[in-house]
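Working notes, beginning with the structure itself.
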Amino acid sequence: EVVAAAPPSDNARAALQERINNDRQNMHKLQQLRVYLQAASQLFWRGEYRRAVEILQQVAEKCEGVPSGEMMQCEALRLCGHCLIRLKQFDAADRCLEMCMGVAKTIELPALIANVHIAQGQLAAQRDPPDYPKALENHEAARVIAKECEDISAEAAACLNCANTVGKMGDKERGMELQYEALGLRRKQVADAQLEIEEAKKIIEETEPPPQTEPTDGEDGEDAPADPPPAAASDDPRQQKRRRAMMDVASSKRTLQEARRAEAAALANVATAVAGRDGDVAGRAVDAAALYEQSIEILRSEDSFTDKQLELAVILNLANVYDNHVPGGHGTGVEYRRELDEMVRKNVQGKEGLPEVCGVCQGQTNPLDMVRMSERGEDDDADDMTALTVLDCMHCHHSKCWTKRKETGKGCPDCVKDVPADAFV
102 EVVAAAPPSD NARAALQERI NNDRQNMHKL QQLRVYLQAA SQLFWRGEYR
152 RAVEILQQVA EKCEGVPSGE MMQCEALRLC GHCLIRLKQF DAADRCLEMC
202 MGVAKTIELP ALIANVHIAQ GQLAAQRDPP DYPKALENHE AARVIAKECE
252 DISAEAAACL NCANTVGKMG DKERGMELQY EALGLRRKQV ADAQLEIEEA
302 KKIIEETEPP PQTEPTDGED GEDAPADPPP AAASDDPRQQ KRRRAMMDVA
352 SSKRTLQEAR RAEAAALANV ATAVAGRDGD VAGRAVDAAA LYEQSIEILR
402 SEDSFTDKQL ELAVILNLAN VYDNHVPGGH GTGVEYRREL DEMVRKNVQG
452 KEGLPEVCGV CQGQTNPLDM VRMSERGEDD DADDMTALTV LDCMHCHHSK
502 CWTKRKETGK GCPDCVKDVP ADAFV
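Remember, this note's numbering sits 101 above the position in the sequence shown when you count from 1.
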């Protein structure tokens, strides 16, 4: 004899309803925090690091104790660490990333652990003095973890950071190999995202609802019976599939934007490595300039995230490469310097454009003026007092003056730096 199950008691029903309500509240809270996290990410790419830090700290705090909020908390802490590195608040960045690593290990997500290692490696490389062995240790660990879990984005980022660190440690050839490997991975990301968008769009086309037809008169003059009403959109499997595909398109477009920005960064780093190789200076300069210009073209396209800091760095390098090393490139170099001056005025706090006095010799630089070729010197390769070099601190010096000062191990006199500044970081 089958005994019917007893209906749930009032207390059980109340507990179930309370659990459902709590789940809904948590989901709503996570959705709100995701919106804030995305806003902070956009601020980061625009270079508004202080505002991003304020939002990210709030997101990390509000994720505390929220069911399934650990992953978002980890993302917020990691991005906050990157912001603090850019702001040169290294001790705060260290604490932030240590907390982030703790959360990542607690939830046992290899991709997150790899990304935290990358951030910690960047922190070690940016400190004064830089700890390149520690940076390389972190980047290599990230590379191994990312490869094991098949996270192409993290693997490419780790590979790129390994390349930069190895190059700074003196192994330029190995650094070049890793730069090209990172560029290949970034391009694979772009291709994968583009394919996902195409596949989702195909599904949207295939599931497009049929056009509505007007009712027609029957043979006896009376209205023909109307078609049966369509199933509710929420119950129609085709429309559910269509909605999922539309969401996939939006998600893949964001992935594509980040992949394209990352591809532009990889191109810029390859260009810097090419410019630093041994051999024909003019040939290397022409090749590097072409790579930098590809990078700028991608950064300014609609399918790339805006990254003003990267754009600023690439324009800076184009100005330097053309003015100092590309034969007949002085005019193009000045054009890029004018563009750089305008960007500095708009995007760099506390800067009023490129300075007009060389910090080494105190002579006039006139960075925005075109100089007649007859005044440039015969070899057109920074061998006179008209070719200029702009540093990453946005101070501008005569290239001849800067080269001599750099050989003594001194940095930018306007910044009172103790180590030589790099044009591109």
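Note that the Cβ used here is the ideal one computed from N, Cα and C, for glycine as well.
Bear in mind the structure is a predicted one, so any value in this text is a computation, not a measurement.
Check each candidate in the options and name the one with the smallest Cα separation from residue i.
| i | options | result |
| --- | --- | --- |
| Glu238 | Met348, Gln143 and Ala215 | Ala215 |
| Arg506 | Asp470, Cys462, Met471 and Asp493 | Cys462 |
| Arg401 | Glu251, Met202, Ile416 and Arg228 | Ile416 |
| Gly460 | Gln227, Gly285, Leu492 and Ala113 | Leu492 |
| Glu300 | Tyr281, Ser254, Val350 and Gly285 | Val350 |
| Asp272 | Tyr233, Ala292 and Leu296 | Tyr233 |
| Gln295 | Lys354, Asp470, Ala243 and Ile305 | Lys354 |
| Ala212 | Glu249, Pro514 and His183 | Glu249 |
| Val435 | Val422, Lys447, Val445 and Arg446 | Val422 |
| Ala360 | Ala257, His426 and Asp470 | Ala257 |
| Glu398 | Ala386, Arg362, Asp388 and Pro428 | Arg362 |
| Ala369 | Lys269, Lys447, Gln340 and Asn265 | Asn265 |
| Asn448 | Ala488, Met495, Glu403 and His426 | Met495 |
| Arg147 | Cys516, Leu261 and Ser405 | Ser405 |
| Ala367 | Gly384, Gly285 and Val445 | Gly285 |
| Cys184 | Val267, Val472 and Ala141 | Ala141 |
| Lys452 | Asp515, Thr356 and Met348 | Asp515 |
| Gly276 | Ala372, Glu457, Ser254 and Thr490 | Ala372 |
| Gly222 | Ala390, Arg125, Gly510 and Phe191 | Phe191 |
| Thr487 | Asn425, Ser254, Ala389 and Asp252 | Asn425 |
| Ser396 | Asp381, Asn418 and Ala383 | Asn418 |
| Lys409 | Gln139, Val382, Glu440 and Thr433 | Glu440 |
| Tyr137 | Glu155, Asn127 and Asn122 | Glu155 |
| Asp442 | Met348, Gly430, Gly429 and Glu457 | Glu457 |
| Leu210 | Glu251, Trp503 and Cys263 | Glu251 |
| Val387 | Met347, Ala365 and Gly429 | Gly429 |
| Arg244 | Thr207, Glu119, Ala283 and Ser352 | Ala283 |
| Gly170 | Gly182, Asp124 and Glu199 | Asp124 |
Any beta carbon from chain C within less than 8 Å of residue i's own beta carbon?
| i | result |
| --- | --- |
| Leu237 | Among the chains of the structure shown, chain C does not appear; only one protein chain is present. |
Roughly how many angstroms separate the alpha carbons of residue i and residue j, rounded to a whole number?
| i | j | result |
| --- | --- | --- |
| Lys235 | Ala226 | 8 Å |
| Gln143 | Arg114 | 44 Å |
| Phe145 | Ile186 | 12 Å |
| Leu157 | Gln133 | 13 Å |
| Ala483 | Lys501 | Because Ala483 carries a pLDDT of 45, less than 50, the predicted location of this residue cannot be relied on, and the following value inherits that uncertainty. When rounded, the distance between both Cα atoms is 6 Å. |
| Leu180 | Ala153 | 9 Å |
| Asn467 | Ala205 | 51 Å |
| Asp194 | Ala414 | Correcting the residue identity first, residue 194 is Ala in this sequence and not Asp. The straight-line gap from Cα to Cα measures roughly 23 Å. |
| Tyr437 | Gln340 | 51 Å |
| Ala94 | Met202 | Residue 94 lies beyond the range of the chain shown here (102 to 526); nothing can be said about it. |
| Glu412 | Tyr393 | 10 Å |
| Arg446 | Leu188 | 19 Å |
| Asp287 | Leu224 | Going by the sequence as given, residue 287 is Arg instead of Asp. If I take the Cα positions, the gap works out to 22 Å. |
| Gly384 | Ala391 | 11 Å |
| Asp337 | Pro310 | 11 Å |
| Lys302 | His498 | 52 Å |
| Leu357 | Ser254 | 11 Å |
| Gly512 | Leu489 | 16 Å |
| Cys197 | Trp503 | 37 Å |
| Ile219 | Met348 | 30 Å |
| His600 | Glu306 | Lying before the first or after the last residue shown, residue 600 is absent from the chain, which here runs from 102 to 526. |
| Cys164 | Tyr150 | 21 Å |
| His129 | Asp111 | 27 Å |
| Ala242 | Ile208 | 18 Å |
Have a look at the DSSP bridge pairing and note the partners of residue i.
| i | result |
| --- | --- |
| Leu489 | His499 |
| Val458 | Gln465 |
Which of helix, strand or coil does DSSP assign to residue i?
| i | result |
| --- | --- |
| Gln190 | coil |
| Val160 | helix |
| Val245 | helix |
| His426 | coil |
| Arg378 | coil |
| Lys511 | coil |
| Glu149 | coil |
| Met277 | helix |
| Thr207 | helix |
| Thr407 | coil |
| Arg196 | helix |
| Thr308 | coil |
| Lys302 | helix |
| Cys175 | helix |
| Cys494 | coil |
| Arg228 | coil |
| Ser402 | coil |
| Met270 | coil |
| Pro168 | coil |
| Cys201 | helix |
Does the ligand ZN have a heavy atom nearer than 7 Å to the CB of residue i?
| i | result |
| --- | --- |
| Ala389 | Because no ligand of any kind appears in the structure shown, any question about the ligand ZN cannot be addressed here. |
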